[in-house]
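In short: position in the sequence shown from 1, add 764, done, that's the working numbering. Just so it is clear, CB atoms sit at the ideal spot from N, CA and C, and this is done for glycine as well. In this text, all values refer to a predicted model and were calculated from it rather than measured experimentally. I have placed the structure first, in the form of structure tokens, so that the comments after it can refer back to it.
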Amino acid sequence: MGSVLTVRLSENVENQLQIDGTIRQALIETYFQMNYENGEWKKLRKTRIL
């Protein structure tokens, strides 16, 4: 097993305003990522248009 651990914290469907003014649904996934080698951690947010 590697030194980086990633855990999904949440998954939600949200309405997002696009650049052209339209609203589209998107799947928002939030992850916690920890690197045990150097102690760094971060929260990641991935967005996918549905």
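Note down the Cα distance separating A790 from V768, rounded to an integer number of angstroms. 27 Å
Closest by C-alpha distance to R812, when choosing among V771, R772, K806, V777: V777
Compute the beta-carbon to beta-carbon distance between L808 and Y795, rounded to the nearest angstrom, for a pair I have assumed lies under 8 Å. 4 Å
From G766 to E804, what does the alpha carbon distance come to, in whole angstroms? 14 Å
Please report the residue range of the beta strand (DSSP E) in which Y795 lies. 787 to 799
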